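Trainee:
Residue numbers (this note's numbering): 130 to 854.
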């Protein structure tokens with residue numbers, strides 16, 4: 130088996146890599162990543178095709194492909210990312226994609242971070258295959274990167290993938306092998322047999338692929354592979370896939386019919402908030418979960434800040450949940466099943482094979498250390514410093530009015546604790562109204578409008594608003610998700626229902642630790658430092674499709690408001706707005722450039738061959754190769770043999786001037802190859818131009834256009850060039 134370097138190999142590799150990405154469809158809800166992947170694959174194919182046609186060194190071709198692919202991937206990544214700093218934006222995009230993979234359940238919802246990671250995977254795969262095939266001449270090893278996506282999908286998806294999912298990767302691999310292996314034209318024979326030969330190679334590749342697939346399908350059931358995903362067995366530590374808790378919160382709040390979630394009883398008989406998880410990340414798109422570092426050991430020593438010890442006995446209803454409702458911060462749990470915790474957020478997560486089903490009908494007890502700070506202690510506290518920077522990051526896209534408003538609200542405060550209390554009091558004032566008739570998002574647009582214009586929303590808006598304002602003042606903050614204390618029953622226990630689902634902010638204050646606040650005016654919070662609630666929670670509409678009636682916002686109080694110059698909604702930078710026709714124009718121009726690329730490559734190749742300053746022998750050989758390609762481009766056969774006999778055979782049908790120039794060029798080439806003194810090559814370029822004009826005169830218009838726009842000479846196997854030419 131001989132390796133053959135063909136200009137079309139890079140195109141075949143790009144198609145093969147794209148086919149190899151198809152199994153990822155089983156892991157994603159949205160399949161637009163297949164269109165996104167065309168960008169880096171297209172750049173790699175076009176650069177490889179152009180430089181191979183120019184006979185550039187392979188190392189230079191690989192370098193150019195790397196630069197081109199890296200450039201377009203970085204450009205696309207920055208268009209997906211948020212933030213003025215490119216490096217930080219791409220890092221955040223990578224972290225967001227990683228978080229989506231580690232906390233989501235296939236099929237994953239589309240988001241920019243995932244699109245970015247798939248672009249990186251695509252770029253890596255195509256460059257690795259190029260290196261193996263065209264750089265190291267080891268095309269057989271290309272099966273590893275081409276089958277990688279299938280391997281990932283087969284490992285991640287708990288069910289066995291149907292066998293058709295492996296066919297695209299196998300087909301791509303066979304295409305690559307067929308494009309770079311086989312025999313050269315001289316061994317094939319005359320052109321009359323070349324088509325049959327290449328067709329037989331394709332049939333053989335298909336037959337071999339079908340045989341390999343059949344053997345694999347027959348042998349797979351006999352292989353003792355054991356249970357799939359053994360790492361998912363009960364008791365393993367580490368990250369697992371978690372769903373978005375805000376989706377469940379939204380469903381519970383808007384559920385028309387209330388339903389019991391759990392009942393609990395505390396050792397002191399007092400009601401208590403039950404927390405499921407915390408969302409440390411606040412981005413332009415809203416509050417999000419971060420990847421968790423799950424562990425099954427060390428819970429009792431994971432949180433060291435002061436508080437009162439509280440013991441709670443809980444009886445879950447027939448409600449599935451990945452998260453165990455517990456008071457913050459949990460010290461120990463006594464529950465059936467396998468549970469892990471995240472040291473950063475102290476969330477307790479089901480880690481056994483049953484996952485969310487572990488909570489159905491579960492009876493458990495928990496011991497927690499609950500913050501019991503006084504108002505004076507909070508007022509004296511300062512912002513904590515030893516936390517993940519994610520908890521202090523201010524999301525991009527806020528209107529300037531939010532920062533100005535925050536400064537006004539905390540103007541009379543000195544410590545971080547006083548600022549937190551001032552923000553909470555302002556949000557609980559009659560300047561805001563509680564209503565479920567509000568956007569179900571905590572994006573920066575929604576929060577900016579909530580603070581500076583609408584001033585109506587529900588728990589996620591009040592919590593996100595306080596978190597945003599606290600971070601503006603340098604106070605670490607995150608969003609907690611869980612349940613309010615619920616209603617007390619006759620036996621002294623408390624019943625929590627789906628309508629008690631809630632979100633509230635936690636602020637990190639020294640020396641108190643993570644302190645919960647209650648900025649939502651419709652709910653009671655810690656009594657010692659929370660203003661009384663003066664609004665009733667909104668009831669969901671009996672009709673799921675009809676939103677709840679909004680309460681009438683009270684007249685704004687004399688408390689601080691946004692300055693008149695602050696816009697109610699975000700205003701884009703005048704210089705950043707792009708007319709709608711600009712992208713269409715750019716895509717059109719890009720398409721025209723792509724269509725014209727073969728012609729540009731052919732023109733560049735001709736100019737390179739006929740350039741001045743070459744050695745006479747090299748110039749004569751280059752001109753002779755150009756004439757051969759001109760004949761192919763114009764649909765005429767090129768006879769084999771030494772230059773003069775070939776020119777005599779090819780002259781038939783040419784105008785006299787073109788035939789004379791072809792013969793003169795042939796004699797020049799022969800003398801440059803065989804004469805001791807060589808031969809001058811000053812006129813070879815003019816001879817080539819004369820031959821080209823003669824071919825155009827004797828060729829129909831269709832072939833003339835094809836010779837210019839889609840030159841066939843670019844897409845044929847080439848005999849190796851003469852040394853030094």
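Just so you know, even glycine gets a beta-carbon here, dropped at the ideal spot from N, CA and C.
As the structure is a computational prediction, the values presented were derived from the model and not from experiment.
1) Out of curiosity, what's the CA-to-CA distance linking residue 412 and residue 523?
2) Excluding sequence positions up to five away, which residues of its chain have a Cβ less than 8 Å from the Cβ of residue 511?
3) According to DSSP, simplified to helix, strand and coil, what is residue 557?
4) Could you check how far apart the C-beta atoms of residue 145 and residue 305 are, in whole angstroms? I think they sit under 8 Å.
5) On the three-state DSSP scale, how would you describe residue 172?
6) Would you mind listing the alpha helix (DSSP H) stretches within the segment 466-534 that are 4+ residues and don't spill past its ends, in chain order?
7) Identify the residues that DSSP records as bridge partners of residue 404: which are they?
8) What distance in whole Å lies between the Cβ atoms of residue 440 and residue 496, which are believed to be in contact at a cut-off of 8 Å?
9) Straight-line CA distance for residue 454 to residue 515?
10) With three or more C-beta pairs closer than 8 Å as the rule, is the segment 600-614 touching the segment 398-405?
11) With a 10 Å radius around its C-beta and 16 neighbouring C-beta atoms as the bar for buried, classify residue 204 as buried or exposed.
12) Grouping DSSP H, G and I as helix and E and B as strand, with all else coil, what is residue 604?
13) For residue 762, does the three-state DSSP call read helix, strand or coil?
14) Hey, could you find the ends of the beta strand (DSSP E) residue 637 is sitting in?
15) Within a Cβ cutoff of 8 Å, which residues of the same chain sit near residue 621, ignoring the five residues on either side of it in sequence?
16) Are the CB atoms of residue 424 and residue 485 nearer to each other than 8 Å?
17) Helix, strand or coil, according to DSSP, for residue 164 in the structure here?
18) Going straight from the alpha carbon of residue 386 to that of residue 552, what length do you get?
19) Rounded to the nearest angstrom, what separates residue 238 and residue 158 at their Cα positions?
20) Here's the rule I'm using: 16 or more other beta-carbon atoms within 10 Å means buried, otherwise exposed. How should residue 452 be labelled?
21) Starting from residue 772, trace the alpha helix (DSSP H) in both directions and tell me its first and last residue.
22) For residue 277 and residue 254, which I take to be in contact (beta-carbon distance under 8 Å), what is that distance rounded to the nearest angstrom?
23) Would you verify that the beta carbon of residue 420 is, or is not, closer than 8 Å to some beta carbon of chain C?
24) Specify the secondary structure class of residue 654 as computed by DSSP and reduced to three states.
25) Where DSSP assigns a beta bridge to residue 389, which residues make up the other side?
26) Using the Cβ count rule (16 or more neighbours within 10 Å means buried), how would you classify residue 631?
27) Alpha carbon to alpha carbon, how far is residue 359 from residue 154?
28) Would the beta-carbon of residue 652 fall within 8 Å of that of residue 549?
29) Touching or not, the segment 719-739 and the segment 781-794, by the rule of three or more beta carbon pairs under 8 Å?
30) List the residues that DSSP assigns as beta-bridge partners of residue 437.
31) Is the distance from the Cβ of residue 563 to the Cβ of residue 650 below 8 Å?
32) Give me the Cα-Cα distance between residue 528 and residue 577, rounded to the nearest whole angstrom.
33) With three or more C-beta pairs closer than 8 Å as the rule, is the segment 756-774 touching the segment 208-224?
34) Less than 8 Å between the CB atoms is what I'm expecting for residue 410 and residue 519, so what's the real figure, rounded?
35) Using 8 Å for Cβ pairs, my map puts residue 257 next to residue 279. What's the rounded Cβ distance?
36) Report yes or no: do the segment 170-178 and the segment 268-276 share at least 3 C-beta pairs separated by less than 8 Å?
Mentor: Well, looking at it:
1) Locating residue 412 in the chain shown gives position 283, counting from the first residue. Locating residue 523 in the chain shown gives position 394, counting from the first residue. In a straight line, the C-alpha of residue 412 is about 8 Å away from that of residue 523.
2) In the chain shown, residue 511 corresponds to position 382, counting from 1. Around residue 511: 544, 545, 546, 638, 639.
3) Position 428 of the chain shown holds residue 557. In this structure, residue 557 counts as coil in the three-state DSSP scheme.
4) To locate residue 145, count along the chain shown from 1; it is residue 16. To locate residue 305, count along the chain shown from 1; it is residue 176. Residue 145 to residue 305, Cβ: 5 Å. Contact.
5) Sequence index remark: in the chain shown, residue 172 carries index 43 (1-based). In the structure shown, residue 172 sits in a helix (DSSP, three-state: H, G or I).
6) 504-509
7) Working through the chain shown from its first residue, we reach residue 404 at position 275. Answer is 455, 611.
8) Taking the first residue of the chain shown as position 1, residue 496 is located at position 367. Taking the first residue of the chain shown as position 1, residue 440 is located at position 311. Contact flag correct, Cβ pair sits at about 5 Å.
9) Taking the first residue of the chain shown as position 1, residue 454 is located at position 325. Taking the first residue of the chain shown as position 1, residue 515 is located at position 386. About 26 Å.
10) yes
11) Taking the chain shown and counting its residues from 1, the one referred to as residue 204 is at position 75. It counts as exposed.
12) Here residue 604 corresponds to residue number 475 of the chain shown, with the count starting at 1. Here residue 604 sits in coil by DSSP.
13) By one-based count along the chain shown, residue 762 stands at place 633. It is helical.
14) Residue mapping note: residue 637 aligns to position 508 of the chain shown, counting from 1. Where residue 637 is concerned, the enclosing beta strand (DSSP E) stretches over 630-639.
15) Residue 621 sits at position 492 when you count from the first residue of the chain shown. Correct list, in chain order: 394, 398.
16) In the chain shown, residue 424 corresponds to position 295, counting from 1. In the chain shown, residue 485 corresponds to position 356, counting from 1. No, Cβ-Cβ distance for residue 424 and residue 485 is not below 8 Å.
17) Taking the chain shown and counting its residues from 1, one reaches residue 164 at position 35. Helix, per DSSP.
18) Here residue 386 corresponds to residue number 257 of the chain shown, with the count starting at 1. Here residue 552 corresponds to residue number 423 of the chain shown, with the count starting at 1. For residue 386 and residue 552, the distance between alpha carbons rounds to 34 Å.
19) For the purposes of this step, residue 238 is identified with residue 109 of the chain shown, where counting begins at 1. For the purposes of this step, residue 158 is identified with residue 29 of the chain shown, where counting begins at 1. The straight-line gap from Cα to Cα measures roughly 5 Å.
20) Counted from its first residue, the chain shown places residue 452 at position 323. Buried is the call here.
21) For the purposes of this step, residue 772 is taken as residue 643 along the chain shown, with counting starting at 1. Note, residue 772: alpha helix (DSSP H), 772-779.
22) For the purposes of this step, residue 277 is identified with residue 148 of the chain shown, where counting begins at 1. For the purposes of this step, residue 254 is identified with residue 125 of the chain shown, where counting begins at 1. Right, the Cβ-Cβ distance comes to about 7 Å (below 8 Å), so this counts as a contact.
23) In summary, chain C is missing from the structure at hand, where a single protein chain is found.
24) Residue mapping note: residue 654 aligns to position 525 of the chain shown, counting from 1. Note: residue 654 maps to coil in three-state DSSP.
25) As a first step, residue 389 must be located in the chain shown, where it is residue number 260. Bridge partners of residue 389: 626.
26) One-based indexing of the chain shown puts residue 631 at position 502. Under this definition residue 631 is a buried residue.
27) Taking the chain shown and counting its residues from 1, one reaches residue 359 at position 230. Taking the chain shown and counting its residues from 1, one reaches residue 154 at position 25. Since pLDDT at residue 359 reaches only 49, below the 50 mark, its modelled position is unreliable, and no value is offered.
28) One-based indexing of the chain shown puts residue 652 at position 523. One-based indexing of the chain shown puts residue 549 at position 420. No, these two residues do not count as a Cβ contact at 8 Å.
29) no
30) In the chain shown, counting from the first residue as 1, residue 437 sits at position 308. According to DSSP, which records beta bridges pairwise, residue 437 is partnered with 499.
31) Sequence index remark: in the chain shown, residue 563 carries index 434 (1-based). Sequence index remark: in the chain shown, residue 650 carries index 521 (1-based). Their beta carbons are under 8 Å apart, which means residue 563 touches residue 650 by this criterion.
32) On the chain shown, position 399 is the one that residue 528 refers to. On the chain shown, position 448 is the one that residue 577 refers to. Cα-Cα distance, rounded: 6 Å.
33) no
34) Position 281 of the chain shown holds residue 410. Position 390 of the chain shown holds residue 519. Indeed they touch by this definition, with Cβ atoms about 5 Å apart.
35) Walking along the chain shown from the start, residue 257 turns up at place 128. Walking along the chain shown from the start, residue 279 turns up at place 150. Wrong, their Cβ atoms sit about 16 Å apart, outside the cutoff.
36) no
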